[in-house]
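When we follow this note's numbering, the leftmost residue of the sequence shown carries the number 53, and every step to the right adds one. Below: one structure, written as structure tokens.
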Amino acid sequence: MGNTYTVLMLGDVCGQPGMRALFIGLGQLIKEHRADFVVVNGENAANGFGLNESEKTQLFSLGVNVITSGNHIWQQDEIYDSLKNDNRLLRPLNYPSGTIGHGSTIIENNGVKVGVINLQGRLSLPQTDCPFRAAEDEIKKMNGKCDIILIDMHAENHEEKKALAMYLDGKVSAVVGTHTHVQTADEMILENGTAFITDLGLCGPSDSVIGSDPEISIKKQLTQMPIRTQIHTTAPVINGVVIEIDKKSSKAISISRINKQLLV
């Protein structure tokens, strides 16, 4: 065992193209980067709207350690029991008291205890409790119980994500954004050792409108009708980051984008 710990954090899984991409490509990514831990946002795995038991089971079987989520996690009732009982499946921490599920977890893998916190932004999304205060309180509870802490900030607004990362700089190993399905090119290590990227992107169809069929998305914009979008069926892409973390200091050493196009 070396002095670093390698984490893969992957963007929102969009329907069957996203699941197919991970079925084909995740094992290779884990091997290529010698990843110790994998976090995937699974809230769009069920044809774009929520997560089913079958997809949850498959993601874990492929080597995912923790599944995070966001505002769409509530759209498939069958996942509610797993939200209650499986600490590897998270919903945003900052939902009101009494909401089913877990907003954080600690999982040990390859000799390191990894804390994962799932948050949801408040700008252009359903109102929740303050993610900044929720994160700070949870970090205090986790300190001494885990070796590193990773945060998935599921949010629309770039300012909100960056502000959270700078607020928590040095208190966690990484803050990554999800939700927009568009991978940003601003990956960095902040001053006090926290890795950051505004958005991981998506695991899903690359030739699409944030995962959706372009024809339907265009029609929706032209008519302003409440047309339900559908996941596109073209060849998928895997978006995310690989983060190297120093085991002793818990600070991030490097962060690199993953943008892997598959041909099937």
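Note that beta-carbon positions come from the ideal geometry of N, C-alpha and C, so glycine has one too. This one's a predicted model, so the numbers in the text were calculated from it and none came from an experiment.
ask   = At what residues does the beta strand (DSSP E) containing E248 begin and finish?
value = In the sequence as displayed, the identity of residue 248 is Phe instead of Glu. That run of the beta strand (DSSP E) goes 247-249.
ask   = What separation, rounded to the nearest whole angstrom, lies between the Cα atoms of P288 and D64?
value = 12 Å
query = In terms of DSSP beta bridges, what is R309 paired with?
reply = V293
request  = Tell me whether the beta-carbon of K271 lies closer than 9 Å to the beta-carbon of I283.
outcome  = no
ask   = Considering Y132, what are the terminal residues of the alpha helix (DSSP H) in which it resides?
value = 132-137
ask   = Under the three-state reduction of DSSP, which class applies to T81: helix, strand or coil?
value = The question names Thr, but residue 81 in the sequence shown is Leu. In this structure, L81 counts as helix in the three-state DSSP scheme.
key: Identity of the residues DSSP links to D64 by a beta bridge   = L254
task = Please name the residue or residues paired with D204 in a DSSP beta bridge.
result = N170, V228
query = Can you tell which of R86, Y219, N93 has the C-alpha that lies nearest to the C-alpha of I290?
reply = N93
request  = From the DSSP output, read off the bridge partner residues of T109.
outcome  = Its beta-bridge partners do not exist; DSSP assigns none.
key: Under 9 Å between C-beta atoms of N140 and V118   = Before going further, note that residue 140 is Arg rather than Asn in the sequence given. Result yes, Cβ atoms of R140 and V118 sit closer than 9 Å.
message = For V191, report the span of its alpha helix (DSSP H) as first-last.
response = Here residue 191 is Ile; the residue named in the question, Val, does not match the sequence. Unbroken alpha helix (DSSP H) run through I191: 183-194.
query = Rounded to a whole number of angstroms, what is the C-alpha to C-alpha distance between E105 and S121?
reply = 14 Å
ask   = Of the choices N162, P69, V59, whose alpha-carbon is the least far from that of I82?
value = V59
query = Straight-line CA distance for G245 to A207?
reply = 22 Å
ask   = By how many angstroms is the C-alpha of E107 removed from the C-alpha of I203?
value = 22 Å
ask   = What is the DSSP secondary structure of Y219, reduced to helix, strand or coil?
value = helix
task = Indicate whether Y147 and K299 have their beta-carbon atoms separated by less than 9 Å.
result = no
Length of the line joining the Cα atoms of V166 and I159 = 5 Å
query = How close, in whole Å, do the beta carbons of M71 and A97 come, if the pair is a contact with beta carbons under 8 Å?
reply = 6 Å
Beta-carbon contacts of D88 that lie in its chain and below 8 Å, excluding the five residues immediately before and after = Y57, T58, V59, N161, N162, V164
ask   = Under the three-state reduction of DSSP, which class applies to P148: helix, strand or coil?
value = coil
message = I need the DSSP call for L274, collapsed to helix, strand or coil.
response = helix
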